[in-house]
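A.B. asks:
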DNA sequence: CGCTTACTTCAGAAATTTGTGAAGTTAAGG
DNA sequence: CCTTAACTTCACAAATTTCTGAAGTAAGCG
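Chains as they are written, first to last, in this note's numbering: chain F, 2 to 166; chain B, 2 to 166.
#1: Are at least three pairs of beta-carbons, each pair with one atom in the region 73 to 82 of chain F and one in the region 28 to 42 of chain F, less than 8 angstroms apart?
#2: Quick check on residue 128 (chain B): does DSSP put it in helix, strand or coil?
#3: Please report the straight-line C-alpha distance between residue 17 (chain B) and residue 109 (chain F), rounded to a whole angstrom.
#4: Starting from the N-terminal side, write out each stretch of the alpha helix (DSSP H) that is 4 residues or longer and does not extend beyond the region 80 to 144 of chain B.
#5: Could you have a look at residue 44 (chain B) and say whether DSSP puts it in helix, strand or coil?
#6: Any chance the region 61 to 70 of chain F sits against the region 113 to 123 of chain F, with 3 or more Cβ pairs inside 8 angstroms?
#7: Is residue 162 (chain B) helix, strand or coil by DSSP?
#8: CA-CA distance, residue 100 (chain F) and residue 82 (chain F)?
#9: Classify residue 163 (chain B) as buried or exposed, calling it buried when 16 or more other Cβ atoms lie within 10 Å of its own Cβ.
#10: Who are the neighbours of residue 158 (chain F) on chain B, taking C-beta pairs under 7 angstroms?
#11: Given this structure, state the Cα-to-Cα distance separating residue 142 (chain B) from residue 135 (chain F), to the nearest angstrom.
#12: Counting only Cβ-Cβ distances shorter than 9 angstroms, please list the residues of the region 90 to 118 of chain F near chain B, keeping chain order.
#13: Please list, in chain order, all residues of the same chain as residue 145 (chain F) whose beta carbon is under 7 angstroms from its beta carbon, the five residues on each side excluded.
#14: How about residue 61 (chain F): is its C-beta nearer than 8 angstroms to some C-beta of chain B?
#15: With DSSP collapsed to three states, give me the class of residue 31 (chain B).
#16: Helix, strand or coil: how does DSSP classify residue 67 (chain B) here?
#17: State the Cα-Cα distance for the pair residue 55 (chain F) and residue 21 (chain F), rounded to the nearest angstrom.
#18: How is residue 21 (chain F) classed by DSSP in three states: helix, strand or coil?
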């Protein structure tokens, strides 16, 4: 096997994984480009890639990379790093950082709770609908409070399993 | 205040809540019509509505109701009931049933895990990327196992808080 | 049985979203 | 300072999604 054939084969394997994992993320409601970029970063050996590398692997324009990365950075799924002495940037999935971000669907929960509280007030806490919405609200509040402890347990579990890193 | 003015005011309050809660669901990735139909059901006093009532409140065609309801039923957010001696149907949010369904994002988790396992295999468990993906997989497996217990705790909590219903 | 009401399906118009090329901005390196 | 490389923004074309009206199907009722 020549070296380049080996590299091609691996590139193809990476690409297959990237596209299939991204597709699942899309199905769960994530936008296509952020999903693909995220999957690509996740499956890079360094855990980080430059804009040019992303554009090449995914066959998308610099503009598309820029948009995807902005979204991912805003939601804290990915962080941006400047390569010293260059104006090239690297985008990185930061080991732990990103499931914390996933758990920050928290922000979403918060907004749901606001909407539900308004609903209870304007429909009346004493109406059947008001009570149903109250209970829904209680569910989200419960979830939110449990989420913090759950993440704590994950960190412990992670330490045990992947400890000596 | 005339009776109809009172009803109008309330209808407006309901509608405002429906649309604002639905908007939050949409932002979290849910399709518009299912979100609006779901919000409408949630804020109805009976906890259920007919196709005609939904169409009237949301100003959408029977076709749109049909599509939304099919989706909601498939994902177990809503159940369909036949009114006895009529071919009119009622769609209902069933108290408990629906957060259980929300927790059935479980199905989504399962599919993510499949994609990730494939990734570990094809990238090699001994590569840096493979290890990163392994850890991601472990995170989801952890989440999945915790989810069941979490829902159990919710049921207990719910019983305590809304007990005597 | 046929009429009628309630829901469903489907083709296509309309609206929205997505991704691009091109122009704009910023900062490194001479 | 000027040049150039790296990223960003923006207007628009293309692709996709959404919702509707119209036609189809099924079941209650006379």
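Note that CB positions come from ideal geometry on N, CA and C, so glycine has one too. What you are looking at is a predicted structure, and each value in this text was computed from that prediction instead of being measured.
C.D. replies: Reading it off the structure:
#1: Touching, yes.
#2: Assignment of residue 128 (chain B) by DSSP, reduced to helix, strand and coil, places it in the coil class.
#3: For residue 17 (chain B) and residue 109 (chain F), the distance between alpha carbons rounds to 19 angstroms.
#4: Qualifying alpha helix (DSSP H) stretches, in chain order: 98 to 104, 107 to 124.
#5: Coil at residue 44 (chain B), not helix or strand.
#6: Counting Cβ pairs under 8 angstroms, fewer than three are found: no touch.
#7: It is helical.
#8: A direct Cα-Cα distance of roughly 19 angstroms separates residue 100 (chain F) from residue 82 (chain F).
#9: Flag for residue 163 (chain B) reads exposed.
#10: The CB of residue 158 (chain F) comes closer than 7 angstroms to the CB of 143 in chain B, given here in chain order.
#11: Answer to the nearest angstrom: the Cα atoms are 31 angstroms apart.
#12: Those would be 94, 96, 99, 100, 103, 106, 109, 112, 113, 115, 116, 117, in chain order.
#13: Closer than 7 angstroms at Cβ, skipping near neighbours: 107, 110.
#14: At least 8 angstroms separates the CB of residue 61 (chain F) from every CB of chain B.
#15: Correct three-state label for residue 31 (chain B): coil.
#16: Three-state result, residue 67 (chain B): helix.
#17: Between residue 55 (chain F) and residue 21 (chain F), the alpha-carbon positions lie close to 16 angstroms from each other.
#18: Helix.
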